[in-house]
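Here's the structure, in structure tokens; my notes come after.
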Amino acid sequence: MSAYRRGFDMDAIHFRQCPAFGGRFGLIVIIMVLAMCNSQGQGERNPGKASERLPVEAPGKEGFGLTAADTAFLLKIARGNIVSYMEKGTGIQIAPDDVPEPCKKPAGVFVTLAKNGAFRACMGTLFPEAPLYRAVLDAAYRAAFQDWRIGPLAAAELQEIVIDIAVITPHTPIASIDEIVIGRDGIVVEYNGQYGIFLPEVASARGYSREEFLIWACRKAGLPDYMWRQGARVSTFRTFSFAEGGARH
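Structure below.
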């Protein structure tokens, strides 16, 4: 599976097929967040004729049915799993009765580790292949020990790490690009097994129009710019993120 890369200054998304959750093969997405060059968008250039800029909508605050207690539980088990693997070489065991019901629902999720305010590692999946709490455990382990770009987390870094969890809604196919809300929706462009994926904040941070958002997603998938309107499947998704320290976005 391929992804198109052009030295992006904000993010680079790579794809690989690997066994996930009981041997089932799933698309695991690794996101690397880098510093933006500046607010004028150095790095990427507009890929074509820009259409009228659209108002940006902030991400939804509905939380996908997760309460403050649920998010605290997920952050606790993410850190606990990392510590357990580091100290004992095995993950934590959680009794089903100890898991809040909303955390048992299948969901895609990313776990990001930040060190002193800077990106350290991120792993996860966009697809609801396992109960949310299991997906968090898996992503936390991978972010800490299997992000090949940066290397495994060291014990000395534990106290400096802040964990951020982003829950991904199921993807919704769209019939018209007018359904895309910049700043709220992430997009998936898929054609013949090739995927181009952007999280919601990318379009608003770069000032993309809907067309530019889709063109760059096509390029990220290794597809021609026009494929979003000539055969590619386009879907949207949303995210709900929360971090240690109480931050939500």
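So for the sequence shown, numbering that gives the first Met the number 0 puts the first residue at 0; every next one is plus one. Cβ coordinates follow ideal geometry from the N, Cα and C atoms, glycine included.
Taking 8 Å as the cut-off, does the CB of residue i come closer than this to any heavy atom belonging to the ligand HEM?
i, result
"G185", "Questions concerning the ligand HEM fall outside what the structure shown contains, since it holds no ligand whatsoever."
Answer with buried or exposed for residue i, where buried requires no fewer than 16 other C-beta atoms within 10 angstroms of its C-beta.
i, result
"Y190", "buried"
"K219", "buried"
"Q193", "buried"
"W147", "exposed"
"A94", "exposed"
"G123", "buried"
"A49", "Confidence is the limiting factor: at A49 the pLDDT is only 40, short of 50, which leaves the residue's position unreliable, though a coordinate-based value still follows. By the neighbour-count rule (16 or more Cβ atoms within 10 Å), A49 is not buried but exposed."
"R228", "exposed"
"T111", "buried"
"A155", "exposed"
"N80", "buried"
"E86", "exposed"
"T89", "exposed"
"G64", "exposed"
"P172", "exposed"
"P199", "buried"
"G195", "buried"
"T70", "buried"
"T168", "buried"
Could you check what DSSP says for residue i in three-state terms: helix, strand or coil?
i, result
"L73", "helix"
"K254", "Residue 254 lies beyond the stretch modelled for the chain, which goes from 0 to 248, so this question has no answer here."
"A174", "coil"
"G79", "helix"
"Q158", "helix"
"A148", "Note that residue 148 corresponds to Arg in the displayed sequence, not to Ala. Note: R148 maps to coil in three-state DSSP."
"G107", "strand"
"F239", "strand"
"A67", "helix"
Quick check on the DSSP output: the beta strand (DSSP E) that includes residue i runs from which residue to which?
i, result
"A134", "A134 -> not in any beta strand (DSSP E); alpha helix (DSSP H) instead, spanning L131 to F144."
"R232", "R232 to F236"
"Y190", "G185 to Y190"
Go to residue i, then tell me how far its alpha helix (DSSP H) extends in each direction, as first and last residue.
i, result
"C217", "R209 to K219"
"A201", "Residue identity check: residue 201 is Val in the sequence provided, not Ala. P199 to R205 is the extent of the alpha helix (DSSP H) around V201."
Does chain C have any CB closer than 9 Å to the CB of residue i?
i, result
"R141", "Among the chains of the structure shown, chain C does not appear; only one protein chain is present."
Query raised in the report: Do the region 109 to 119 and the region 153 to 170 touch if we need at least three Cβ pairs shorter than 8 Å?
Result: yes
**Report entry** Cβ pair count under 8 Å reaching 3, the region 169 to 179 against the region 128 to 145
**Finding:** By the Cβ criterion, the region 169 to 179 is not in contact with the region 128 to 145, since fewer than three pairs of Cβ atoms, one from each stretch, lie closer than 8 Å.
Requested in this report: Assess, as a yes-or-no matter, whether the region 128 to 138 is touched by the region 95 to 113 under the definition of 3 or more beta carbon pairs within less than 8 Å.
Outcome: yes
Query raised in the report: Is the region 179 to 189 touching the region 225 to 236 in the sense that three or more CB pairs, one from each, lie closer than 8 Å?
Result: yes
Query raised in the report: Are three or more beta carbon pairs between the region 201 to 217 and the region 238 to 245 nearer than 8 Å?
Result: no
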